[in-house]
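Residues in the sequence shown are numbered from 32 upward in steps of one, following the working numbering.
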Amino acid sequence: MRNFLRILKYSWPYRYRLLASILCALMVAALWSLNLSAIYPVLKILSSGGNLQQWNDSQIDSYQKQLDDPARMKRLGELQATLKDLEQNPNQIEGQTRERKATEELAKLEGERSNLATWVYRYQWLKAKVMRHLPEDRFETFVWLLGLVIVGLILKGVFEFLHETLVGSVTNHTLFDLRNGFFRRALHQDVRQIATTGTTELMARFTNDTEQVGTGLKVVFGKLVGEPLKAIACFVVACCISWQLTLVFVLIVPLTIVAVVRVSKMMRKAARRVLEQMSAMYKGVRETFDGVRVVKAFTREPHQRRRFREVNRDYLRKAMRMIYIDAATGPIVEVLGVVAISLALASGTYLVLSGNTHMFGIRMTSQPMDFETLLQLYAFLAATADPIRRLTSVYTKIQVAEAASNRIFELYDRMPAVTANRDGARLVGLSEKIEFKNVCFSYNPGTATLSNVNLTVKAGETIALVGGNGSGKTTLLGLVLRFYDPDHGGVFIDGVNLRTAHLRSLRKMIGLVTQDTQLFDGTLFENIAFGKRGATREEVEEAAKKAHAHEFIVAKTAGYDTLMGQGVGMQFSGGEMQKIALARAILRDPSILILDEFTSQIDAASEKDIHEVLKDFVKGRTVFLITHKLHTLEIANRIVVMDAGMVVDIGTHAELIARCVFYQRLCDPASVRKAA
């Protein structure tokens, strides 16, 4: 329960609302027991020949007669005289035994008189405070009592509404803070951690898991507070009627607790399996619809349907196991509760029918119990058992919430390998050089992605990285952005190791354009302005013009206010989206520009225009260019050839064509003849 208790800490700022909800729950419990208390006077009205005032007077007379019973008074006097005589003659034979017996009997009689006096006081108080306000007509009294019950139910309903509203407010605000904190922690994790977890897994934990936690919080603040208070209120009244018979009911509680604990352990394991399977189902759905073009092009819809059916069937099987466990809990506890009530009811029925006050030599009631009192006791014991039965579902829901909490905090507590270095050296620009010194890196142990890379890039230089797929080009530039840190060696900017540099200042001086253009929900203006905080309309339009995007933007009906993002982004071609991404990078005005296959979806005419823009834009900036189109290398000062995570050669296009066999294989024959 450690992680679920951690989530409860998020509710601390809303403790006053929670306290108010507890006070409302107290009022609900009090009104609940008061409404049940109306059963006794109603039964008396229906079963007796007189009204409640007459019944109350008869009870006072009955208890007063027992209190003033001459035989009882005479016996008390005899016992007191015996004890006085024994005190004056301590050496009498068997004096200690007689004294002990007399003392015990005297204490018993005085206890009975005290109990009778208490009942006389109670009925006299009832006569003075309540009975005198009731009408003497029996039917009018009955109607009056029904009216009080209805008023009590209305008040209870009002307090239940307030209780549920306050609990819902605390729960939703707690989830609001939890999601914000979880999102912040997840966003601060490094790229490798996020990629390893996967988007679908993160989505499952942000949505389904947090909803399960919310359900757990609601039952903790709601039922776990309200139901015990109801049970306690009814239990206290039942004890006032007969604590001995109520104790018979309580004897079955340990068995109930054992059953609930065993079931809850099974529920926690089942809940974790269900949550994991839900994540797998999210993954299958996302893969299918993200790749829907491939699925349809290769007519693999039946295959994907079968895959989803299998995942869905596994989820169904695990969800049904959870339902079986949850469904079995209620009947088990209900049976145990009925057994407990039956024991108490059987004992009470024996006392009513026999007129006795003892069972097996044990006093069960101070006075012989009547039928109405037994039914009242039964009502309160049943009212005590019902909240306890409901609490069993609370415990199972808490176990589900605990399983969800474990999954959330499994990611929440994961510390990023790439730290922000808030006190590190702040970078404000590149003035000298970028150095890769003996850089080694691998995504998986034993499989090197980069091996002993050494490279020096001067400030203002444009470097092109070429090589086959998987040669490590994108990974190498990811180290500049500190998406990852090298396993060995280091990357230095103006002599500052990026491991120790202030992370945000580093990334603020870098602009990035990738092959897979990422659009965000919002307007076209907002997507370009994403590159610079506080960008003005004029700055955005100027950046769009430089990226040759302004023309097709203003041609849209809404212009720069055109909506973009997933779904609506389909109204833009791949080339248009890449121009928007380039405009975003231009707006940032970076010292270092990284272009990763940025022209892969742009037509030849647009590509020529963008090259003309880049020739001016790259001046005074350090540019890394990854491309498979060799004609785009004309803006590069040097070309770095990579293969299998290593730098094979460095030079100009002409130099590499002349001496590098691997580079020659990358070039087409026409390019080789032209260079020759």
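Beta carbons: idealized from backbone N, C-alpha and C, even for Gly.
Residue range 464-472 is occupied by the beta strand (DSSP E) that includes Lys464. When the five nearest sequence neighbours on each side are left out, the beta carbons in the same chain lying within less than 7 Å of the beta carbon of Leu645 are those of Ile666, in order along the chain.
Taking 4 residues as the shortest admissible run, the segment 512-561 contains the following complete alpha helix (DSSP H) segments, listed from N- to C-terminal end: 534-539, 555-560. Secondary structure note for Ser52: its alpha helix (DSSP H) is the uninterrupted segment 46-68. Ranking Cys270, Cys271, Val256, Leu613 by CA distance to the CA of Ala51 puts Val256 first. In the three-state scheme derived from DSSP, where H, G and I count as helix and E and B as strand, Leu165 is classed as coil. Fewer than three beta-carbon pairs drawn from the segment 189-206 and the segment 420-438 are found closer than 8 Å, and the two stretches are therefore not classed as touching.
If you check the CB distance, Pro418 and Lys261 come in under 8 Å.
No residue range can be given for Ala589, since it is assigned to no alpha helix (DSSP H) and is classified by DSSP as neither H nor E.
As the crow flies, the alpha-carbon of Gly562 is around 38 Å from that of Arg696. In its chain, beyond the 5 residues on either side, Arg317 have a beta carbon closer than 8 Å to the beta carbon of Thr230.
The straight-line gap separating the alpha-carbon atoms of Phe514 and Cys471 is approximately 15 Å. Within the model, the alpha-carbon separation for Glu686 versus Leu510 is close to 27 Å.
Per DSSP, the unbroken alpha helix (DSSP H) holding Ala235 starts and ends at 230-235.
Sixteen is the threshold: when 16 or more other Cβ atoms of the shown chains lie within 10 Å of the Cβ of Lys349, as they do, the residue is buried. Distance check between Pro476 and each of Leu412, Met353, Pro517 places Pro517 closest, using alpha-carbon atoms only. Each residue's CA atom was taken as its position, placing Met312 and Ala490 some 49 Å apart.
Within the DSSP bridge table, the entry for Ile670 names Ala495, Gly682 as partners.
The three-state reading of DSSP puts Leu382 in helix, counting H, G and I together.
Just so you know, the alpha carbons of Gly542 and Phe693 end up roughly 30 Å apart.
Taking a C-beta distance under 8 Å as the contact criterion, Tyr94 and Trp156 do not qualify as a contact pair. The beta carbons of Met677 and Ser482 sit closer together than 8 Å. Collapsing the DSSP output to three states places Lys650 in coil.
When Cβ pairs closer than 8 Å are counted between the two stretches, the segment 292-310 is seen not to touch the segment 103-118, the count staying below three.
Cβ neighbours of Met32 within its own chain (closer than 7 Å, five residues either side excluded): Glu433.
Bridge pairing for Ile657: Leu496, Asp627 [DSSP].
Contact check for Val571 and Leu618: beta-carbon distance about 6 Å, within the 8 Å limit, so the pair qualifies. Here the C-alpha atom of Gly651 lies approximately 8 Å from the C-alpha atom of Ser622. The beta carbon of Arg457 lies closer than 7 Å to those of His533, Ser536 in the same chain, with the five residues before and after it left out. Annotation: the continuous beta strand (DSSP E) that includes Ser482 extends over 481-489. Rounded to the nearest whole angstrom, the C-alpha separation of Thr205 and Phe629 is 43 Å. In this structure, Val527 is the residue among Val522, Val527, His334 with its C-alpha nearest to the C-alpha of Val459. Shown here for Gly245: same chain residues with a beta carbon closer than 6 Å to its own, the five before and five after excluded, namely Thr202, Leu206 in chain order.
Around the CB of Leu347, fewer than 16 other CB atoms lie within 10 Å, so the residue is classed as exposed. Just measuring C-alpha positions, the residue of Leu624, Glu607, Ala612 sitting nearest Lys539 is Leu624.
Spanning the alpha carbons of Ile641 and Phe523 requires a straight line of approximately 30 Å.
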